[in-house]
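Report on the following structure.
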Amino acid sequence: MASPYKKLIRIAIVIFALVALFNFFGYYLIRIRTEENEQLTKVVNLVHKQRTFSQQILAYDILILDEDANNVVRNKQVLEASLDTFVLHQQYLRNITRLPNFPAAPNNTETKRLLSIAQIHFKTIVEVTKQILYEEPEIVQKNKEDLRTSLMYSCRQIIPVMDDASKAYADIANDKIHESSDINTGKFVLFVFALGLLVFLVLEPAFEKGQRSLRQLQAAEHELEKEKRYLSSILQSQTNYVIRIDRNGNFTYANPSFLGTFEHTEEELMGTPFYTTIYPKDLQKCRDIADACWETPGEVYELLIRKPIGKSRTYLWTEWEFIALQNENGEVNEIQGIGSNVSAKVEAEQSRQEAINALSNALTIGKMGSWKIDLFSQEIMMSMELQEILEMKAEESIVMPLEKYLYSFVVPEDIPTVIQSLKKALDNRHKHHFTTEFYYRVKTKNNNIKNLYAKAESINETEGFGIVQDITEQKKAEEALVQSEQKFRLLAENSEDIISVHSVDGIIQYLSPSVQTVLGYKEMEVIGTSVISLVHEDDHHKFIP
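What follows is the structure, given as structure tokens:
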């Protein structure tokens, strides 16, 4: 009896030991897999968040580049916080991917490759965003289009990569959970057979952890959906116009700002061809841009067009950026446009151009031109009107070295006059609106000599401005008048007749020398007296009207 009992006891001990051993290793394996699942779940969450943060950062970057100064400070604060979180998450992902066995081979090759690709675009997003945040606003606005293009390109590239990485990690996590479930099922059979209590102690925690991982995945999806709704609300609330059209040219989306400004309703506009809302003269430009977008997806195209308000003839000048969008399958199925009202800017530019044209016409009619001298670079920049005075060709450069101007156009005898006058203006640059006037002659491209009147003023330490007027005809008239007077005097002084010049009230201003021969008066005796004093009193009545 003893022997069978002993055998039974031994068998029981062996079974108990085996059950305990299987239980230990089973619990250990489950624990390892559960911890890996938790890490995988955390990585999936972070990858989802990185995708969302990249879209959020892009949205705020675009808002900062396009919005007025009143909203830039608030948006920069939000953007800076988002960027810090974005960088921290990416650092965690980089650190965890450096672990040699995470995720366990053979799964780690693809996931690490995807995160390495994402890291390239991550760096671009961070660098461009830091420029927008910390560079001088003038530099940011100057490089606005390059920054926007770089951001949009990197965000377009990082999103599908992060989606693939998220899917890869999620698939691995699901596989691990499935493996854990298989192990737990096998253990459950052994635990029921061996000891029900161990089943409760070992499998219950593992089951709860698996459920927790599932809940975390669901929470991550919920958070992603929440972020999408948040980004959508940003698009809905911004003042810029946002539209999308499909392959057939029909509207598929228009934000409230577009609908309200141009007096459309969503029901009326959706599915309507875009050309029904275009100013007729701009229709061909719009078609050309649409064709270009379809041919080169991802390329941003700019367009300045007029947009009619409702059915009226009133329109606004609008500036747009168009880009073709790809769906989740990589197919180009929509064109998105972001526009803004630039009527004030366009009208101001038109007014400025009209003023410039009017001034140019006035200068041309008055035979006037202008120039600007940079004393630092020793260059002179001529206006179009001055080029015409110098009979230069239209294609010739308006900028040339000052020395070349002097020795190419100014008559050699007048070069010192020009240099001294410019030096005088420079020496008196500290006097407000000090000007110097001078005359000089030029030899035009066609070898014509022209007389110019110039007026120069110093703008600052190194720049001067001046105007010139072609007075060649005036000079010719003056010379002709002088010659006429000389001829008159020569004739009068050699004539035996008395020739006089007097004012309207009869006061003598000039008498020819013959007055002394004929009347005996010296010339200086009668100049300044009345002509009546030389006439016999019987003939006075002939000089009285």
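Residue 1821 in my numbering is what sits at position 421 of the sequence shown, and the numbering runs on without skipping anything. Note that the Cβ used here is the ideal one computed from N, Cα and C, for glycine as well.
key: Segment contact flag, the stretch 1805-1812 with the stretch 1820-1831, C-beta cutoff 8 Å, min 3 pairs   = no
request  = With a threshold of 16 other CB atoms inside 10 Å of the CB of Asn1851, please say whether the residue is buried or exposed.
outcome  = Along the sequence shown, one-based indexing puts residue 1851 at 451. So Asn1851 ends up on the buried side.
task = Tell me where the alpha helix (DSSP H) around Phe1809 begins and ends.
result = If you number the sequence shown from 1, residue 1809 lands on position 409. It spans 1802-1809 - the alpha helix (DSSP H) in which Phe1809 sits, taken as one unbroken run.
query = Would a C-beta distance cut-off of 7 Å place Thr1872 and Phe1838 closer than the cut-off?
reply = As a first step, residue 1872 must be located in the sequence shown, where it is residue number 472. As a first step, residue 1838 must be located in the sequence shown, where it is residue number 438. Contact flag unset, no.
Anticipated Cβ contact below 8 Å, Val1444 with Ala1724, distance rounded = Residue mapping note: residue 1444 aligns to position 44 of the sequence shown, counting from 1. Residue mapping note: residue 1724 aligns to position 324 of the sequence shown, counting from 1. The C-beta distance from Val1444 to Ala1724 rounds to 31 Å, too long to meet the 8 Å contact threshold.
message = Tell me which residues share the same chain as Ala1518 and place their Cβ nearer than 7 Å to its Cβ, disregarding the 5 neighbours each side in the sequence.
response = In the sequence shown, the residue the question calls residue 1518 occupies position 118. Hits under 7 Å: Ile1558, Val1561, Met1562, Ala1565.
message = From the DSSP secondary-structure annotation, give me the bridge partner or partners of Gly1649.
response = Position 249 of the sequence shown, counted from the start, is the residue given in the question as residue 1649. Looking at the DSSP assignment, Gly1649 forms no beta bridge with any residue, so it has no partner.
Candidates Ala1481, Gln1439, Val1472, Asp1466: closest to Gln1456 by CA position = Here the question's residue 1456 lines up with position 56 in the sequence shown. Of Ala1481, Gln1439, Val1472, Asp1466, the residue nearest in Cα terms is Ala1481.
query = By a C-beta neighbour count over all protein chains shown, 10 Å radius and 16 as the cutoff for buried, is Arg1647 buried or exposed?
reply = In the sequence shown, counting from the first residue as 1, residue 1647 sits at position 247. Counting other Cβ atoms within 10 Å of its Cβ, Arg1647 stays below 16 and is therefore classed as exposed.
key: Alpha carbon of Phe1674 to alpha carbon of Phe1651, nearest angstrom   = The count along the sequence shown starts at 1 and reaches residue 1674 at position 274. The count along the sequence shown starts at 1 and reaches residue 1651 at position 251. Whole-angstrom Cα-Cα distance: 6 Å.
query = Which residues does DSSP pair with Tyr1715 in a beta bridge?
reply = Locating residue 1715 in the sequence shown gives position 315, counting from the first residue. According to DSSP, Tyr1715 bridges with Pro1708.
key: Simplified DSSP assignment, three categories, for Val1589   = Position 189 of the sequence shown, counting from 1, holds the residue named residue 1589. For Val1589, the pLDDT reaches just 46, beneath the cut-off of 50, and the residue's location in the model is therefore unreliable, although a value from the coordinates is still provided. In this structure, Val1589 counts as helix in the three-state DSSP scheme.
ask   = Can you tell which of Ala1568, Pro1708, Pro1656 has the C-alpha that lies nearest to the C-alpha of Lys1512?
value = Numbered from its first residue, the sequence shown carries residue 1512 at position 112. Closest option to Lys1512, Cα to Cα, is Ala1568.
key: Own chain, CB closer than 6 Å to Ser1952, minus 5 neighbours either side, in chain order   = Here the chain covers residues 1401 to 1945 and nothing more, so residue 1952 does not appear.
query = Hey, would you say Phe1776 sits closer than 7 Å to Thr1836, going by beta carbons?
reply = The residue you call residue 1776 lines up with position 376 of the sequence shown. The residue you call residue 1836 lines up with position 436 of the sequence shown. Not closer than 7 Å, so no.
inquiry  = For the pair the stretch 1681-1699 and the stretch 1728-1741, tell me if three or more CB-CB distances fall below 8 Å.
reply    = yes
request  = Tell me whether Val1599 sits in a helix, a strand or coil according to DSSP, three-state version.
outcome  = Within the sequence shown, residue 1599 is the residue found at index 199, counting from 1. Residue confidence is low: Val1599 scores 43 on pLDDT, short of 50, so the model does not pin down where it sits. No coordinate-derived value is stated.
query = So, is His1521 buried or exposed, given that buried needs 16 or more other C-beta atoms within 10 angstroms?
reply = For this step, residue 1521 is matched to residue 121 along the sequence shown. Looking at its Cβ environment, which holds 16 or more other Cβ atoms inside 10 Å, His1521 is buried.
Whole-angstrom C-beta distance between Glu1749 and Glu1721, which should lie under 8 Å = Within the sequence shown, the letter at position 321 stands for residue 1721. Within the sequence shown, the letter at position 349 stands for residue 1749. No, Glu1721 and Glu1749 are not in contact; Cβ-Cβ is about 19 Å, not under 8 Å.
inquiry  = What does the alpha-carbon distance come out to for the pair Ser1454 and Gln1541?
reply    = As a position in the sequence shown, residue 1454 is number 54, starting the count at 1. As a position in the sequence shown, residue 1541 is number 141, starting the count at 1. Straight-line Cα distance between these residues: approximately 21 Å.
task = Would you tell me roughly how many angstroms separate the C-alpha atoms of Lys1793 and Glu1779, rounded to the nearest one?
result = On the sequence shown, position 393 is the one that residue 1793 refers to. On the sequence shown, position 379 is the one that residue 1779 refers to. Cα to Cα, the separation comes out at about 19 Å.
inquiry  = Residues in the same chain with beta-carbon distance under 6 Å from Gly1769, minus the five sequence neighbours each way, listed in chain order, please.
reply    = Your numbering for residue 1769 matches position 369 in the sequence shown. Excluding positions up to five away in sequence, the list reads Ser1783, Glu1785, Leu1786, Ile1789, Val1868.
ask   = Hey, Ile1532 and Asp1461 are a contact pair by Cβ (cut 8 Å); roughly how many whole angstroms apart?
value = In the sequence shown, counting from the first residue as 1, residue 1532 sits at position 132. In the sequence shown, counting from the first residue as 1, residue 1461 sits at position 61. So it is a contact: roughly 5 Å between Cβ atoms.
ask   = What number of angstroms, rounded off, separates the C-alpha of Lys1855 from the C-alpha of Cys1686?
value = Taking the sequence shown and counting its residues from 1, one reaches residue 1855 at position 455. Taking the sequence shown and counting its residues from 1, one reaches residue 1686 at position 286. Going from the Cα of Lys1855 to the Cα of Cys1686 covers about 49 Å.
task = Tell me, to the nearest whole angstrom, how far the beta carbon of Thr1441 is from that of Leu1624; I am working on the premise that it is less than 8 Å.
result = Sequence index remark: in the sequence shown, residue 1441 carries index 41 (1-based). Sequence index remark: in the sequence shown, residue 1624 carries index 224 (1-based). With a Cβ gap of about 14 Å, Thr1441 and Leu1624 do not count as contacting.
inquiry  = Going by DSSP in three states, Asn1574 sits in which element: helix, strand or coil?
reply    = Within the sequence shown, residue 1574 is the residue found at index 174, counting from 1. Of the three classes helix, strand and coil, the one that applies to Asn1574 here is helix, per DSSP.
task = Name the two residues that bound the continuous alpha helix (DSSP H) containing Leu1790.
result = Along the sequence shown, read from residue 1 onward, the residue named residue 1790 stands at position 390. Premise fails: Leu1790 is in no alpha helix (DSSP H) and is neither H nor E.
query = If Ile1525 and Ser1554 are in contact, beta carbons under 8 Å, what's the gap, nearest whole angstrom?
reply = As a working mapping, residue 1525 is identified with position 125 in the sequence shown. As a working mapping, residue 1554 is identified with position 154 in the sequence shown. Confirmed, Cβ separation roughly 5 Å.
request  = Taking only the alpha-carbon atoms, compute the straight-line gap between Glu1937 and Glu1878 and give it to the nearest angstrom.
outcome  = Numbered from 1 along the sequence shown, position 537 holds the residue referred to as residue 1937. Numbered from 1 along the sequence shown, position 478 holds the residue referred to as residue 1878. Distance between the alpha carbons of Glu1937 and Glu1878: 41 Å.
key: C-alpha distance - Leu1515 paired with Asp1691, whole-angstrom precision   = On the sequence shown, position 115 is the one that residue 1515 refers to. On the sequence shown, position 291 is the one that residue 1691 refers to. Each residue's Cα considered, the two are about 35 Å apart.
ask   = Short check: CB of Gly1739 to CB of Tyr1641, under 7 Å?
value = What you label residue 1739 is simply residue 339 of the sequence shown in a count that begins at 1. What you label residue 1641 is simply residue 241 of the sequence shown in a count that begins at 1. Cβ atoms of Gly1739 and Tyr1641: closer than 7 Å.
ask   = Which partner residues of Pro1673 appear in the DSSP bridge assignment?
value = As a position in the sequence shown, residue 1673 is number 273, starting the count at 1. In the DSSP output, where bridge partners are listed per residue, Pro1673 has Asn1650.
ask   = Among His1664, Thr1529, Val1473, Leu1465, which has the Cα closest to the Cα of Val1487?
value = For this step, residue 1487 is matched to residue 87 along the sequence shown. Here the closest residue by C-alpha is Thr1529.
message = DSSP three-state label for Gln1726, please.
response = Your numbering for residue 1726 matches position 326 in the sequence shown. Three-state DSSP puts Gln1726 in a strand.
ask   = Which residues does DSSP pair with Ser1903 in a beta bridge?
value = As a first step, residue 1903 is located in the sequence shown; it is residue number 503 there, counting from the start. Per the DSSP secondary-structure output, Ser1903 pairs with nothing in a beta bridge.
query = Identify the residues that DSSP records as bridge partners of Gln1869: which are they?
reply = As a first step, residue 1869 must be located in the sequence shown, where it is residue number 469. The partner list for Gln1869 (beta bridge, DSSP) reads Met1768, Tyr1853.
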